[in-house]
Ligand SMILES: Nc1ncnc2c1ncn2[C@@H]1O[C@H](COP(=O)(O)OP(=O)(O)OP(=O)(O)O)[C@@H](O)[C@H]1O
Ligand SMILES: [Mg+2]
């Protein structure tokens, strides 16, 4: 695949839950190595877009290509598994496994690595998020920020081509946000393709290549952060930014 | 109440007790395996399998253990297959208790948050890998207290095997009464023996429940 070909392509994507149409036609391209930040009010459909791109939900209509896998094709959608990473607001760590166990599980069960190789690899990834010395701790013995960094390590261990973050810092105490965003920023610096839903506007400003503002199931506006934050064109974007930047 | 008479017949009671213990142990294993199988089928949403599991649970929760036991014992004889009494008791109790245990395990499985399935799915684990490596281990801790509670009920229910002629604790007691009288002393002794088995288990449940309460 050429570098110019987008690694994520959404065309005319819609999604309803019951009678409520949550996505009303999303068109979106993400290039390899790009850091895309998605912002928008609660209920605007940010998580739903992310879940469709990661294969957790299927679109009702439209096309979804991620890493050359057509996710709109139910026969092929599962090919995406293990090739993208997702970091959740609630961490979703496996509570019965240590940090090391969390990171090695997929290496052992999916990649079929030997215990020794998996451990070595997992420790290297844990080291990358600054938690090698916590490898033996269970999630309940870690702070929220540490838990989220383990979750990032767990996702990175399978060497995904794209990382999705759904409000990865929203459940954290304010003083713990920084340790997670700095890991995210270093990933971005290393060239990882990232789609990040966040309320951390400072992260969006500093790290995003492009910011997408979602409003009631559509992409209302998008552009580089300096444009979207400084000179928003859309009235809804202006209102939203006023509201979030006030607090 | 003359306990001296009972004491003289104590070896006979112990024989019954051993059979009660063996029946309990075998039925605990049998009902747990059956319950686990039924619960797994039910949450798997495999079309026919989950229907069968649902019907199994409904049928046996809706009929008395006594009938289940008689049905297994006499039904198998009627079908030309003569089961030994102990085996019939194990099968009857396992099938009956398995229905309750299936529901306990199913509730445990369903209490594992969907985020655990989602995280596993994205990592590339198959549904069955997720079930075995992620969901079941978490279920263990949740289901242990109600499971032990069910085992206590099972142990006490083994006395129903009396009716198909199994020489378990109550039936041995009855034999002693038939021979030497003293029904009250015998019944009190039997009750005490059941209590000695069950009380530690219920203490254990209470301990587990206290520990799992949110701090
Ligand atoms: N599984 C579901 N079943 C029913 N409704 C759903 C489901 N998932 C999302 N919704 C609804 O879809 C709408 C969009 O949800 P989504 O989670 O995508 O919004 P969001 O932009 O991520 O919001 P937030 O900032 O609160 O996370 C909401 O109204 C939500 O209630
Ligand atoms: Mg959301």
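Chains as they are written, first to last, in the numbering used here: chain A, 2 to 248; chain B, 120 to 334. Ideal placement from N, C-alpha and C gives every residue a C-beta, glycine not left out.
Buried/exposed call for residue i, threshold 16 Cβ in 10 Å
| i | result |
| --- | --- |
| residue 56 of chain A | buried |
| residue 195 of chain A | buried |
| residue 121 of chain B | exposed |
| residue 3 of chain A | Reliability fails at residue 3 of chain A, whose pLDDT of 46 lies under 50, so the model's placement of it is uncertain and no value is given. |
| residue 311 of chain B | exposed |
| residue 134 of chain A | exposed |
| residue 234 of chain A | exposed |
| residue 284 of chain B | exposed |
| residue 240 of chain A | exposed |
| residue 321 of chain B | exposed |
| residue 141 of chain A | exposed |
| residue 201 of chain A | buried |
| residue 334 of chain B | The predicted model places residue 334 of chain B with a pLDDT of 44, which falls under 50 and marks its position as unreliable, so this point remains unresolved. |
Of the listed residues the options, nearest to residue i (C-alpha basis)
| i | options | result |
| --- | --- | --- |
| residue 249 of chain A | A/85, A/90, A/154, A/92 | Chain A is shown only over 2 to 248; residue 249 of chain A falls outside these bounds and no answer can be derived. |
| residue 155 of chain B | B/218, B/174, B/139 | B/218 |
| residue 25 of chain A | A/215, A/234, A/167, A/233 | A/215 |
| residue 10 of chain A | A/163, A/94, A/109, A/22 | A/163 |
| residue 169 of chain A | A/79, A/137, A/144, A/199 | A/199 |
| residue 104 of chain A | B/201, B/253, B/220 | B/253 |
| residue 93 of chain A | A/191, A/156, A/181, A/175 | A/156 |
| residue 8 of chain A | A/67, A/14, A/47 | A/67 |
| residue 90 of chain A | A/202, A/149, A/208, A/84 | A/149 |
| residue 153 of chain B | B/302, B/193, B/200, B/171 | B/171 |
| residue 230 of chain A | A/244, A/59, A/127 | A/244 |
| residue 220 of chain A | A/32, A/147, A/39 | A/39 |
| residue 85 of chain A | A/72, A/205, A/238, A/101 | A/72 |
| residue 181 of chain A | A/158, A/132, A/64 | A/132 |
| residue 316 of chain B | B/288, B/232, B/263, B/256 | B/288 |
| residue 191 of chain A | A/12, A/36, A/19, A/27 | A/36 |
| residue 62 of chain A | A/87, A/41, A/22 | A/22 |
| residue 330 of chain B | B/276, B/144, B/260, B/292 | B/260 |
| residue 138 of chain B | B/173, B/281, B/199, B/227 | B/281 |
| residue 206 of chain A | A/217, A/227, A/213 | A/227 |
| residue 140 of chain B | B/326, B/278, B/223, B/125 | B/278 |
| residue 273 of chain B | B/216, B/232, B/159, B/313 | B/216 |
| residue 266 of chain B | B/232, B/227, B/247, B/135 | B/227 |
Endpoints, alpha helix (DSSP H) assigned at residue i
| i | result |
| --- | --- |
| residue 225 of chain B | 204 to 229 |
| residue 147 of chain B | 129 to 163 |
| residue 37 of chain A | Unbroken run through residue 37 of chain A is the beta strand (DSSP E), 36 to 41; no alpha helix (DSSP H). |
| residue 102 of chain A | 100 to 110 |
| residue 199 of chain B | Neither: residue 199 of chain B is in no alpha helix (DSSP H) and is coded neither H nor E. |
| residue 87 of chain A | First-last for residue 87 of chain A: 85 to 88, but that is the beta strand (DSSP E), not the alpha helix (DSSP H). |
| residue 127 of chain A | 116 to 129 |
Chain E within 8 Å of residue i, Cβ atoms only
| i | result |
| --- | --- |
| residue 91 of chain A | No chain E is present in this structure, whose protein chains are A and B. |
Residue i, DSSP secondary structure in three states
| i | result |
| --- | --- |
| residue 175 of chain A | helix |
| residue 27 of chain A | strand |
| residue 190 of chain A | helix |
| residue 15 of chain A | strand |
| residue 160 of chain A | coil |
| residue 269 of chain B | helix |
| residue 9 of chain A | strand |
| residue 327 of chain B | helix |
| residue 181 of chain B | coil |
| residue 301 of chain B | coil |
Residue i at chain A interface by Cβ criterion, 8 Å
| i | result |
| --- | --- |
| residue 329 of chain B | no |
| residue 241 of chain B | yes |
| residue 253 of chain B | yes |
| residue 244 of chain B | yes |
| residue 238 of chain B | yes |
| residue 256 of chain B | yes |
| residue 234 of chain B | yes |
| residue 248 of chain B | yes |
Short CB-CB distance (under 8 Å) between residue i and chain B
| i | result |
| --- | --- |
| residue 95 of chain A | yes |
| residue 87 of chain A | yes |
| residue 173 of chain A | no |
| residue 69 of chain A | no |
| residue 120 of chain A | no |
| residue 107 of chain A | yes |
| residue 83 of chain A | yes |
| residue 2 of chain A | Note on residue 2 of chain A: pLDDT 43, under 50, position unreliable in the model; the coordinate value appears next. Not one chain B Cβ lies under 8 Å of residue 2 of chain A. |
| residue 51 of chain A | no |
| residue 57 of chain A | yes |
| residue 229 of chain A | no |
N- and C-terminal bounds of the beta strand (DSSP E) containing residue i
| i | result |
| --- | --- |
| residue 221 of chain A | 219 to 224 |
| residue 74 of chain A | Per DSSP, residue 74 of chain A belongs to no beta strand (DSSP E) and is neither H nor E. |
| residue 232 of chain A | No beta strand (DSSP E) contains residue 232 of chain A, which DSSP labels as neither H nor E. |
| residue 62 of chain A | 62 to 67 |
| residue 214 of chain A | 211 to 216 |
| residue 284 of chain B | It is not in any beta strand (DSSP E) - residue 284 of chain B carries neither H nor E in the DSSP assignment. |
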